[in-house]
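Undergrad: Start counting the sequence shown at 1; every next residue gets the next number (UniProt numbering). Glycine included, every Cβ here is placed at the ideal spot set by N, Cα and C.
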Amino acid sequence: MINIDLDNLNDFEKEIYAKLLEYSKDHPAFKIRDAAEVCDCSVSKISKYVKKLGFDNYKQYIAFLYDEEIPNKEQSDELKRIRNFIDDFDTSMIDEFIELIDQHEKLVLFGYGPSGAITEYFEYKFRTCTDKMVVSLSDDSSISSMLDDKTLLIIFTATGSFCSFKPIYEDAKEQGAKVAIVVEEYNTSLFNQCDKIFWLSKFNQPDYLEPYQKTRTIFFIFIEEVIRKIILNNMD
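1) By DSSP, does M1 sit in helix, in strand, or in coil?
2) Out of I231, F122, S47 and V134, state which residue places its alpha-carbon closest to the alpha-carbon of F156.
3) Here's the rule I'm using: 16 or more other beta-carbon atoms within 10 Å means buried, otherwise exposed. How should T91 be labelled?
4) Using 8 Å as the threshold, is the C-beta distance between I227 and K125 below it?
5) Would you tell me roughly how many angstroms separate the C-alpha atoms of K80 and A158, rounded to the nearest one?
6) In the structure shown, what three-state DSSP assignment does K150 receive?
7) Hey, could you find the ends of the beta strand (DSSP E) T180 is sitting in?
8) Within a Cβ cutoff of 8 Å, which residues of the same chain sit near Q205, ignoring the five residues on either side of it in sequence?
9) Tell me which same chain residues have a C-beta within less than 7 Å of the C-beta of S164, skipping the five on either side of it?
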């Protein structure tokens, strides 16, 4: 998507636009040095004009000038990852998640750091489509008081590597609660820290990112699909 804004140009840059547009009518695609000669200015001035007009580079500008297909802007790795996730999305996991929720009267949503921050939004969304008691927490010291044998504790974690959930899980078992972990990246160390794991993605985020730096976009996609399905089920 390219936003071409002529109003963003100064008077001289508008002259460049008019001259090159006219020049292109009688000449084949030309190099940036030729554009500088036609406009009697430096190559850097043409480059600046191209960027200011809304293009990534001169190649995109020339494609526009000659009414050719404009090369796509390089898509970020994260957008490619999200696309791969959506293409590979397993809808059966939605049904499993809802089935587990239906078996409990109370939901406690928990996560550390950014994963904890988003649980407040998820709490709101669940409250709009279910009459269950739903509580979101970001402080692990508050979890114990909320657990009983009617509770499903749902832990959100991007990698499961920031902190062990085993103490939380052992406390939950003592109180009869069930624990499910919703994790983005595959992590075998989580198997003994919960009753059920929902592993969301085969497509990991870059290793150079710390757990707190990684996006939670996939969590939002998953939970929004869960909410949508619950709403549809309620309409039946």
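TA: On the basis of the data shown:
1) With a pLDDT of 45 at M1, under the threshold of 50, the modelled position of this residue cannot be trusted, and the question is left open.
2) Of the listed residues, the one whose Cα sits closest to F156 is F122.
3) With fewer than 16 other Cβ atoms from the protein chains shown falling within 10 Å of its own Cβ, T91 counts as exposed.
4) The Cβ-Cβ distance between I227 and K125 falls below 8 Å.
5) Straight-line spacing of the CA atoms in K80 and A158 works out to 18 Å.
6) Correct three-state label for K150: coil.
7) Correcting the residue type first, residue 180 is Ala in the shown sequence and not Thr. Looking at the DSSP string, the run of the beta strand (DSSP E) that includes A180 is K178 to V183.
8) Closer than 8 Å at the Cβ level, and outside the excluded window around Q205, lie E78, R81, A158, E184, E185, K214 and T215.
9) The residues are Q193.
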